[in-house]
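S.K.: Can you read through this structure? Questions will come right after.
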Amino acid sequence: MRIGIIGAGQLGQMLGLAARDLDIECCFLDPSVAPPAATCGEVIQRPFDDADALARMADGCDVITYEFENVPVAALRQIAGRVPVYPPPEALRLAQDRLDEKRLFDELDIPLPPYHAIDSRDDMEAAAATLGLPMVVKTRRLGYDGKGQFVVTSIDNVTAAWNALGSQPLIAEQWVDFDYEVSTIGVRNAAGDVRVYPLTHNVHEHGILRTSCSPVDDATLSRKASDYAHRLLDHLDYVGVLALELFVKGENLLANEFAPRVHNSGHWTIEGAVTSQFENHLRAVLGLPLGTTDARGHAGMINLIGEIPDAARNLADGRLHDYGKEPRPGRKLGHITVVADTAARRDALVDKIDKTVT
Ligand code: AMP
Numbered sequence: 013m014r015i016g017i018i019g020a021g022q023l024g025q026m027l028g029l030a031a032r033d034l035d036i037e038c039c040f041l042d043p044s045v046a047p048p049a050a051t052c053g054e055v056i057q058r059p060f061d062d063a064d065a066l067a068r069m070a071d072g073c074d075v076i077t078y079e080f081e082n083v084p085v086a087a088l089r090q091i092a093g094r095v096p097v098y099p100p101p102e103a104l105r106l107a108q109d110r111l112d113e114k115r116l117f118d119e120l121d122i123p124l125p126p127y128h129a130i131d132s133r134d135d136m137e138a139a140a141a142t143l144g145l146p147m148v149v150k151t152r153r154l155g156y157d158g159k160g161q162f163v164v165t166s167i168d169n170v171t172a173a174w175n176a177l178g179s180q181p182l183i184a185e186q187w188v189d190f191d192y193e194v195s196t197i198g199v200r201n202a203a204g205d206v207r208v209y210p211l212t213h214n215v216h217e218h219g220i221l222r223t224s225c226s227p228v229d230d231a232t233l234s235r236k237a238s239d240y241a242h243r244l245l246d247h248l249d250y251v252g253v254l255a256l257e258l259f260v261k262g263e264n265l266l267a268n269e270f271a272p273r274v275h276n277s278g279h280w281t282i283e284g285a286v287t288s289q290f291e292n293h294l295r296a297v298l299g300l301p302l303g304t305t306d307a308r309g310h311a312g313m314i315n316l317i318g319e320i321p322d323a324a325r326n327l328a329d330g331r332l333h334d335y336g337k338e339p340r341p342g343r344k345l346g347h348i349t350v351v352a353d354t355a356a357r358r359d360a361l362v363d364k365i366d367k368t369v370t
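Just so you know, we're using our numbering here: the sequence shown kicks off at 13 and counts up by one.
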């Protein structure tokens with residue numbers, strides 16, 4: 013079997029490594045020179061919407077998937093009649109627009125912070141009056157890792173926020189004074205089988221994921237998160253892995269966003285779950301039975317951002333994944349996973365390694 017993967021970054025690389033064990037061949041599409049996944053298969057070095065390259069992939073692969081959220085939906089739709097494209101392009105379209113995404117959460121009764129669409133300066137003022145301050149203004153499209161965001165803390169900030177972001181459609185959200193952040197990662201195949209990984213606690217720094225720990229020891233939150241993941245997966249007639257990020261406030265969860273792809277907060281599943289998110293994504297899109305998503309102990313993941321210090325290469329109790337990327341400030345270059353037999357031991361390890369590598 014041969015799978016076409018749009019995007020050849022570290023997510024593509026980890027899909028490629030999982031594919032090797034399943035005896036599946038990979039072919040990637042990515043405009044960058046020597047991307048991380050180049051070690052795992054042929055890379056067609058063309059833009060993501062290059063019609064010839066997409067046609068070549070459609071003709072030469074059994075299924076097409078993507079590891080990158082900014083793939084033009086029209087490009088996917090163009091090939092969807094010739095070869096199965098999973099996750100469904102409609103799921104990507106909804107995830108690419110924060111307003112459509114929030115309307116979907118509303119439709120599915122998944123709780124979320126109050127929000128307000130902004131297309132003008134007047135809308136921005138109306139949003140501040142309706143939502144109260146602070147509020148977070150975000151671009152509707154192409155925002156990630158906290159980019160394209162402005163926190164409005166006082167009414168005097170409204171002009172600054174408008175000047176910074178107002179040239180494009182925006183959305184404002186009420187500021188959530190959350191206890192912590194979690195994500196739930198689910199997988200569904202075309203037969204409608206669904207499995208959900210244990211809930212993951214995520215810590216972000218400057219909008220970028222820093223650490224993830226799983227399982228979260230809270231049965232109520234886990235049940236709610238799993239229920240919301242099921243609703244999304246079933247409603248979208250989804251095939252593949254989907255990640256839903258949520259804010260925790262007491263016993264309540266508020267949805268922030270979903271990603272129609274394998275996710276950084278699920279990297280711990282390589283060592284910490286019976287079947288990794290990468291293997292299960294491949295199984296789902298190829299129509300194979302899904303693997304068990306149970307945890308193997310208590311796992312933690314530390315992202316390596318900007319550089320991989322030498323200390324990260326000599327750890328006795330953590331496994332390094334080096335994506336082979338050029339160092340650059342703010343860039344995700346690799347991660348370290350730990351697995352322990354208790355949550356307390358896992359937390360101590362994550363803390364120790366986090367201090368060692370920063
Ligand atoms: P996002 O790009 O929407 O995932 O936002 C990046 C990070 O900004 C989130 O993981 C949160 O830490 C923070 N954030 C986003 N929206 C809100 C909000 N409405 N209230 C508080 N913090 C937020």
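Ideal Cβ positions, reconstructed from N, Cα and C, are used throughout, including at glycine.
#1: If we call anything under 8 Å between Cβ atoms a contact, is Phe259 one with Glu113?
#2: By DSSP's criteria, Asp249 is part of a beta bridge. Which residues make up the other side?
#3: For ligand 1, I want to know if His333 counts as a neighbour, meaning its beta carbon is within less than 7 Å of at least one of the ligand's heavy atoms.
#4: May I ask you to report which of helix, strand or coil DSSP gives Gln224?
#5: Can you name, in chain order, every residue of its own chain whose Cβ lies under 8 Å from the Cβ of Pro84, other than the five neighbours on each side?
#6: From which residue to which residue does the alpha helix (DSSP H) around His293 run?
#7: Going by C-alpha distance, which of Thr142, Asp205, Cys39 and Ser179 is nearest Arg153?
#8: Would you say Glu102 touches ligand 1, meaning its beta carbon is less than 7 Å from a heavy atom?
#9: Taking C-alpha atoms, which residue in Glu137, Ile122 and Asp121 lies nearest to His128?
#10: If you measure from the CB of Gly144, is any heavy atom of ligand 1 nearer than 7 Å?
#11: Could you check if Pro125 belongs to the surroundings of ligand 1, using beta carbon to heavy atom distance under 7 Å?
#12: Is Gln186 a contact residue of ligand 1, with contact defined as CB to any heavy atom under 7 Å?
#13: Note the first and the last residue of the continuous beta strand (DSSP E) segment covering Asp334.
#14: Using three-state DSSP, classify Val274 as helix, strand or coil.
#15: Go ahead and label Arg200 buried or exposed: buried means 16 or more other beta carbons lie within 10 angstroms of its beta carbon, across all protein chains shown.
#16: On the criterion of 16 or more Cβ atoms from any shown chain inside 10 Å, does Pro341 qualify as buried, or is it exposed?
#17: Could you spell out the range, first to last residue, of the beta strand (DSSP E) harbouring Thr117?
#18: Decide yes or no for the touch test of the segment 84 to 100 against the segment 309 to 317: beta carbon pairs closer than 8 Å, at least 3 of them.
#19: Starting from the N-terminal side, write out each stretch of the beta strand (DSSP E) that is 3 residues or longer and does not extend beyond the segment 56 to 101.
#20: From the DSSP output, in three-state form, read off His242 for me.
#21: Within 8 Å (strictly less), CB to CB, does Ala92 reach chain B?
#22: Could you tell me which of Gly198, Ala323, His293 and Pro227 sits nearest to Ile15, measuring between CA atoms?
#23: Using the three-state DSSP reduction, which class does Leu23 fall into: helix, strand or coil?
#24: Looking at the secondary structure, which residues open and close the beta strand (DSSP E) in which Val149 lies?
#25: Using the Cα positions of Val194 and Asn214, report the straight-line distance between them to the nearest angstrom.
#26: Which whole runs of the beta strand (DSSP E) in the segment 122 to 193 are 3 residues long or more, in chain order?
#27: In angstroms with no decimal places, state the Cα-to-Cα distance between Val188 and Val164.
#28: Identify, in the order they occur along the chain, each residue of the same chain with its Cβ nearer than 6 Å to the Cβ of Pro210, setting aside the five sequence neighbours on each side.
#29: Can you list, in chain order, the residues of its chain whose CB lies under 6 Å from that of His279, leaving out five sequence neighbours each side?
#30: For the beta strand (DSSP E) containing Leu41, list its first residue and its last residue.
#31: Report whether the distance from the Cβ of Lys150 to the nearest heavy atom of ligand 1 is below 7 Å.
#32: Is Val149 closer than 8 Å to Ala173 when the C-beta atoms are compared?
#33: For the candidate residues Thr349, Ser288 and Thr142, whose alpha-carbon lies nearest to that of Gly28?
#34: Please report the distance separating the alpha-carbon of Cys52 from that of Cys38.
#35: Less than 7 Å separating the Cβ of His216 from some heavy atom of ligand 1?
M.R.: This is what the structure holds:
#1: If you number the sequence shown from 1, residue 259 lands on position 247. If you number the sequence shown from 1, residue 113 lands on position 101. The answer is no: Cβ separation not under 8 Å.
#2: Within the sequence shown, the letter at position 237 stands for residue 249. DSSP lists no partner for Asp249.
#3: Taking the sequence shown and counting its residues from 1, the one referred to as residue 333 is at position 321. Using a cutoff of 7 Å, the CB of His333 does not count as near ligand 1, since none of the ligand's heavy atoms is closer than that.
#4: Position 212 of the sequence shown, counted from the first residue, corresponds to residue 224. Just to set this straight, residue 224 is Ser in the shown sequence, not Gln. Ser224 falls in the strand class under three-state DSSP.
#5: Mapped onto the sequence shown, residue 84 falls at position 72. Taken in chain order, the residues that qualify are Phe60 and Asp61.
#6: Residue 293 sits at position 281 when you count from the first residue of the sequence shown. Where His293 is concerned, the enclosing alpha helix (DSSP H) stretches over Gln289 to Val297.
#7: One-based indexing of the sequence shown puts residue 153 at position 141. It is Ser179 whose Cα lies nearest to the Cα of Arg153.
#8: In the sequence shown, the residue the question calls residue 102 occupies position 90. For ligand 1, not one heavy atom lies less than 7 Å from the Cβ of Glu102.
#9: As a working note, residue 128 is residue 116 in the sequence shown. Ranking Glu137, Ile122 and Asp121 by Cα distance to His128 puts Glu137 first.
#10: Numbered from its first residue, the sequence shown carries residue 144 at position 132. No, the beta carbon of Gly144 sits no closer than 7 Å to any heavy atom of ligand 1.
#11: Position 113 of the sequence shown, counting from 1, holds the residue named residue 125. Indeed, a heavy atom of ligand 1 lies less than 7 Å from the Cβ.
#12: Within the sequence shown, numbered from 1, the residue matching residue 186 stands at position 174. Flag set: Cβ of Gln186 near ligand 1.
#13: Taking the sequence shown and counting its residues from 1, the one referred to as residue 334 is at position 322. Note, Asp334: beta strand (DSSP E), Arg331 to Asp334.
#14: Within the sequence shown, the letter at position 262 stands for residue 274. Here Val274 sits in coil by DSSP.
#15: On the sequence shown, position 188 is the one that residue 200 refers to. Looking at its Cβ environment, which holds 16 or more other Cβ atoms inside 10 Å, Arg200 is buried.
#16: The sequence position of residue 341 within the sequence shown is 329, counting from 1. That one is exposed.
#17: Within the sequence shown, residue 117 is the residue found at index 105, counting from 1. Checking the displayed sequence, the identity of residue 117 turns out to be Phe instead of Thr. Here Phe117 belongs to no beta strand (DSSP E); instead the alpha helix (DSSP H) covers Arg110 to Glu119.
#18: no
#19: 75 to 78
#20: For this step, residue 242 is matched to residue 230 along the sequence shown. It is helical.
#21: The chain labelled as chain B is not found in the depicted structure, where only one protein chain is given.
#22: Within the sequence shown, the letter at position 3 stands for residue 15. Among Gly198, Ala323, His293 and Pro227, the Cα nearest to that of Ile15 belongs to His293.
#23: Looking up residue 23 in the sequence shown gives position 11. The answer is helix: DSSP assigns Leu23 an H, G or I state.
#24: By 1-based counting over the sequence shown, the position of residue 149 is 137. Run containing Val149: Met147 to Thr151, per the beta strand (DSSP E) assignment.
#25: Along the sequence shown, read from residue 1 onward, the residue named residue 194 stands at position 182. Along the sequence shown, read from residue 1 onward, the residue named residue 214 stands at position 202. The straight-line gap from Cα to Cα measures roughly 5 Å.
#26: 127 to 130, 147 to 151, 161 to 164 and 182 to 186
#27: Here residue 188 is taken as the residue at index 176 of the sequence shown, counted from 1. Here residue 164 is taken as the residue at index 152 of the sequence shown, counted from 1. Across the structure, Val188 and Val164 are spaced so that their CA atoms are roughly 13 Å apart.
#28: Here residue 210 corresponds to residue number 198 of the sequence shown, with the count starting at 1. Cβ neighbours of Pro210 beyond the five flanking positions: Ser226, Pro227 and Ala307.
#29: Translated into the one-based positions of the sequence shown, residue 279 becomes position 267. For His279, the CB contacts under 6 Å within the same chain, skipping 5 residues up- and downstream, are Met313 and His347 in chain order.
#30: For this step, residue 41 is matched to residue 29 along the sequence shown. Run containing Leu41: Glu37 to Leu41, per the beta strand (DSSP E) assignment.
#31: To locate residue 150, count along the sequence shown from 1; it is residue 138. A heavy atom of ligand 1 is found nearer than 7 Å to the CB of Lys150.
#32: Within the sequence shown, numbered from 1, the residue matching residue 173 stands at position 161. Within the sequence shown, numbered from 1, the residue matching residue 149 stands at position 137. In this structure, Val149 lies closer than 8 Å to Ala173 by Cβ.
#33: Indexing the sequence shown from 1 puts residue 28 at position 16. Checking every option, the nearest Cα to that of Gly28 belongs to Ser288.
#34: Reading the sequence shown from its first residue, position 40 is the one you call residue 52. Reading the sequence shown from its first residue, position 26 is the one you call residue 38. Each residue's Cα considered, the two are about 7 Å apart.
#35: Taking the sequence shown and counting its residues from 1, one reaches residue 216 at position 204. Using a cutoff of 7 Å, the CB of His216 counts as near ligand 1, since one of the ligand's heavy atoms is closer than that.
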